[in-house]
Amino acid sequence: MKILFMGTPDIARDCLKAVYEAGHDIVGVVTVPDKPNTRNKKIIFSEVKEFALSHNLRLMQPEKLKDNEEFKKEVESLNPDILCIVAYGKYLPKAYLSMCKYEPINIHPSLLPKYRGPAPIQWAVLNGDKETGSTSMYISEKMDAGDIILQEKLEIGEYETTGELWDRLSKLSGELLVKTLKEIEAGTAPRKPQGEEFSQVSMIDKAMAKIDFEKSAEEIKNLVRGLNPFMGAYGFMDGKKIKLWKVIIRELSDENKTKANGEVLEADDKKGLFIKVKDGVLEVLEIQGENSKRMSAQDYLRGNKINIGNKFE
Numbered sequence: 012m013k014i015l016f017m018g019t020p021d022i023a024r025d026c027l028k029a030v031y032e033a034g035h036d037i038v039g040v041v042t043v044p045d046k047p048n049t050r051n052k053k054i055i056f057s058e059v060k061e062f063a064l065s066h067n068l069r070l071m072q073p074e075k076l077k078d079n080e081e082f083k084k085e086v087e088s089l090n091p092d093i094l095c096i097v098a099y100g101k102y103l104p105k106a107y108l109s110m111c112k113y114e115p116i117n118i119h120p121s122l123l124p125k126y127r128g129p130a131p132i133q134w135a136v137l138n139g140d141k142e143t144g145s146t147s148m149y150i151s152e153k154m155d156a157g158d159i160i161l162q163e164k165l166e167i168g169e170y171e172t173t174g175e176l177w178d179r180l181s182k183l184s185g186e187l188l189v190k191t192l193k194e195i196e197a198g199t200a201p202r203k204p205q206g207e208e209f210s211q212v213s214m215i216d217k218a219m220a221k222i223d224f225e226k227s228a229e230e231i232k233n234l235v236r237g238l239n240p241f242m243g244a245y246g247f248m249d250g251k252k253i254k255l256w257k258v259i260i261r262e263l264s265d266e267n268k269t270k271a272n273g274e275v276l277e278a279d280d281k282k283g284l285f286i287k288v289k290d291g292v293l294e295v296l297e298i299q300g301e302n303s304k305r306m307s308a309q310d311y312l313r314g315n316k317i318n319i320g321n322k323f324e
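Position 228, counted from 1, in the sequence shown is what the numbering used here calls 239; the numbers after and before it change by one each time, with no gaps.
What follows is the structure, encoded as structure tokens:
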């Protein structure tokens, strides 16, 4: 099958890689324009562009799709059988919906109709979901609202981070895309309307990264793992910002129930770092001090003094 692939981040790259290795004819790859790094202004390529260049695939990086006749004609000249879109980052105009032999398809890393919109992987972890998955669907005029073709499920580990789940979903999504293309080409692809009941998620907001130590241990644990590794959840101690990257929940003893939420119960470079919260204790496994790097709590405590009774704000 002749495929025009459209995508940007690593999950899209893994899908492109799966399609490439399955032997499909990739007539072109579309990704977003290059952007400068915000720190050093060095131009960075998308993960999809890196793959396309390394495999000598035809690459296109239009500034926009809507009202872009030059790009539309270029796509038409390639005569693809189907458009495959995975986390491209731009809305596909109506003119492209009936351009090819087959309807364009999209891979979305959630079990639609749950979690339409951006950041579905992060929100599954943040909300403490026990399972998620990936969905292949036909593209419609409404975002993530097209008819479902196939779905594959994954269980989410109790302490699995967004980064860990992202890697597993990337692999699963690539396999799902290849399977979907096979069904479409054979004329056996199912079609299931999503219906009117769905959940919509938003982009992750930096403001949500600050830990509220008055919340439950489960809520804080999910925040920490949900923002790992893309942002990091944090608190303040003595006016300094400290990020918590990995925590596990421990039982709260009767003697510590009267302690303040956010209070340090133990801080030892051998025993570790333990923080009291509303209904439990958080054992910190990975931490990052201000202007420092990530490390184990024990390593952090060897070079930074935290006293029992200190409190996270």
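Think of the CB as a built atom: it goes at the ideal place given N, C-alpha and C, for glycine as much as any other residue.
Inset, instruction - Tell me, to the nearest whole angstrom, how far the beta carbon of alanine 135 is from that of threonine 143; I am working on the premise that it is less than 8 Å. - result: About 4 Å separates the two Cβ atoms, so the contact holds.
Inset, instruction - Give the DSSP-derived three-state secondary structure of glycine 128 in the structure shown. - result: In the structure shown, glycine 128 sits in coil (DSSP, three-state: anything other than H, G, I, E or B).
Legend entry - Cβ-Cβ distance between isoleucine 96 and isoleucine 195 below 8 Å: For isoleucine 96 and isoleucine 195, no; Cβs fall outside 8 Å.
Inset, instruction - Please go through the same chain and pick out, in chain order, the residues whose beta-carbon is closer than 7 Å to the beta-carbon of isoleucine 326, but skip the five residues on each side of it. - result: Since the first residue shown for the chain is 12 and the last is 324, residue 326 is missing from the structure and cannot be characterised.
Inset, instruction - Take leucine 276 and list the residues in its own chain whose beta-carbon comes closer than 8 Å to its own, dropping the five residues that flank it on each side. - result: Counting only Cβ-Cβ distances below 8 Å, and skipping sequence neighbours, we find Asn267, Lys270, Phe285, Ile286, Lys287, Val292 and Ile319.
Inset, instruction - Assuming tyrosine 170 and arginine 236 form a contact by the criterion Cβ under 8 Å, report the distance between their Cβ atoms to the nearest whole angstrom. - result: Confirmed, Cβ separation roughly 6 Å.
Legend entry - Environment of threonine 199 [buried if 16+ CB atoms lie within 10 Å]: With fewer than 16 other Cβ atoms within 10 Å, it is exposed.
Inset, instruction - State the beta-bridge partners of leucine 284 as determined by DSSP. - result: Answer is Ala278 and Val295, bridged to leucine 284.
Legend entry - Outcome for methionine 12 when other beta-carbon atoms lying within 10 angstroms are tallied against a minimum of 16: Around the beta carbon of methionine 12, 16 or more other beta carbons sit within 10 angstroms, so the residue counts as buried.
Legend entry - Which listed residue (Ile54, His35, Cys26 and Asp178) has its alpha carbon closest to that of phenylalanine 62: Closest option to phenylalanine 62, Cα to Cα, is Cys26.
Legend entry - Short Cβ contact (8 Å threshold) for methionine 71 with phenylalanine 82: Yes.
Legend entry - Residue of Leu122, Ser184 and Ser88 minimising C-alpha distance to proline 20: Minimum Cα distance to proline 20 is reached at Ser184.
Legend entry - Residue nearest to lysine 226 in terms of C-alpha spacing, selected from Gly246, Gln211, Gly168 and Glu207: Minimum Cα distance to lysine 226 is reached at Gly246.
Inset, instruction - Label glutamate 208 either buried or exposed according to how many other C-beta atoms from any shown protein chain fall within 10 Å of its C-beta, with 16 as the threshold for buried. - result: So glutamate 208 counts as exposed.
Inset, instruction - Would you kindly report the start and end of the unbroken beta strand (DSSP E) that includes threonine 146? - result: DSSP places threonine 146 inside the beta strand (DSSP E), whose first and last residues are 142-149.
Inset, instruction - Indicate the three-state DSSP secondary structure (helix, strand or coil) for valine 258 in the structure shown. - result: It is a strand residue.
Legend entry - Same chain, Cβ closer than 7 Å to leucine 187, neighbours up to 5 away in sequence not counted: Result list for leucine 187: Ile118, Ser145, Ser147, Leu161 and Glu163, in chain order.
Inset, instruction - Just mark proline 91 as buried or exposed, buried being the case when its beta carbon has 16 or more other beta carbons within 10 Å. - result: It is buried - the Cβ of proline 91 has at least 16 other Cβ atoms within 10 Å.
Inset, instruction - Per DSSP, which residues does leucine 94 bridge with? Please list them. - result: Bridge partners of leucine 94: Leu15.
Legend entry - Cβ neighbour criterion (16 or more within 10 Å) applied to tyrosine 102: So tyrosine 102 counts as exposed.
Inset, instruction - Tell me whether arginine 313 is buried or exposed, calling it buried when 16 or more other Cβ atoms sit within 10 Å of its Cβ. - result: Classification of arginine 313: exposed, given that the 10 Å Cβ count is below 16.
Inset, instruction - In angstroms with no decimal places, state the Cα-to-Cα distance between aspartate 279 and methionine 306. - result: Answer to the nearest angstrom: the Cα atoms are 15 Å apart.
Inset, instruction - Ignore the nearest five residues each way along the sequence and tell me which others in tyrosine 311's own chain have a CB closer than 6 Å to its CB. - result: Excluding five sequence positions before and after tyrosine 311, the CB atoms of its chain that fall closer than 6 Å to its own CB belong to Ile298, given in chain order.
Inset, instruction - Could you name the residues of the same chain whose beta carbon sits closer than 7 Å to that of lysine 252, not counting the 5 residues immediately before and after it, in chain order? - result: Taking C-beta separations shorter than 7 Å and ignoring five residues to either side along the sequence, the partners of lysine 252 in its chain run Tyr245 and Glu301, following chain order.
Inset, instruction - Spell out the partners DSSP gives leucine 161 in its beta bridges. - result: According to DSSP, leucine 161 bridges with Ser147.
Inset, instruction - Classify alanine 135 as helix, strand or coil using the three-state DSSP reduction. - result: Reduced to three states, the DSSP call for alanine 135 is helix.
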